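In the numbering used here, the protein residues as written are 25 to 204. We treat Cβ as the ideally placed atom computed from N, Cα and C, and that holds for glycine. On a predicted model such as this, the values are computed, not experimentally measured, just so you know. These notes concern the structure reproduced below.
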């Protein structure tokens, strides 16, 4: 499934191996593709969302509302991953943000209200660069989950890899599950 890009911004493509997961239902939003899936090896059911958050302030409220509605609609284990186009704390930007912004506060409050966990990652510190000679670097991309999902896959790991052709660094997620 896919959400189209607008120019060079946005766009989401989700692919899966039908021998590993069964996609039960799909919901296309404006900023995410949400899916209810079954892990075929162990019969676990959970929801996932592939995210591309808006990079403009005017659309962020719609994005936050869409995330809240998706998470509240599909109860149970949840995993969200992608480009949230927001940082949580000043240290997620280099050079560091001068102050805590309203976007940062809203993002942290949203994660807290939905009881979502920002999965730690190893490897590179930042996930995006503006590509300039003196670049701005940010951690815009991440995986977040709820406690129920983390209990299903307690050995999950994420590693930010080196930059390739995109202005974003890839972050493979490994459930470290014998059943995957």
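Classify residue i as buried or exposed, calling it buried when 16 or more other Cβ atoms lie within 10 Å of its own Cβ.
| i | result |
| --- | --- |
| residue 139 | exposed |
| residue 58 | buried |
| residue 104 | buried |
| residue 78 | buried |
| residue 88 | buried |
Can you tell which of the options has the C-alpha that lies nearest to the C-alpha of residue i?
| i | options | result |
| --- | --- | --- |
| residue 63 | 54, 50, 45 | 45 |
| residue 179 | 187, 199, 163 | 199 |
| residue 38 | 173, 74, 91 | 74 |
| residue 193 | 88, 107, 42 | 107 |
| residue 150 | 176, 66, 137, 110 | 110 |
| residue 86 | 56, 43, 136 | 56 |
| residue 135 | 125, 91, 43, 83 | 91 |
| residue 52 | 66, 83, 93, 84 | 93 |
| residue 65 | 167, 166, 42 | 42 |
Taking 8 Å as the limit between beta carbons, can you name the residues of its chain near residue i, skipping five residues before and five after?
| i | result |
| --- | --- |
| residue 196 | 182, 183, 185 |
| residue 81 | 127 |
| residue 171 | 139, 141 |
| residue 146 | 181, 182, 183, 184 |
| residue 18 | With the chain covering only 25 through 204, there is no way to say anything about residue 18. |
| residue 191 | 152, 153, 154, 155 |
For residue i, which residues of its own chain have a beta-carbon under 7 Å away from its beta-carbon, when the five flanking residues on both sides are left out?
| i | result |
| --- | --- |
| residue 96 | none |
Helix, strand or coil: which one does DSSP assign to residue i?
| i | result |
| --- | --- |
| residue 40 | coil |
| residue 193 | coil |
| residue 97 | helix |
| residue 81 | helix |
| residue 92 | helix |
| residue 55 | coil |
| residue 126 | helix |
| residue 108 | coil |
Got a sec? Which residues, its chain only, sit under 6 Å from residue i by beta carbon, not counting five neighbours each side?
| i | result |
| --- | --- |
| residue 47 | 59, 61 |
| residue 68 | 176 |
| residue 36 | 27, 57, 74, 76 |
Measuring CB atoms only, is the segment 113 to 126 touching the segment 156 to 173, in the sense that at least three cross pairs come out at less than 8 Å? yes
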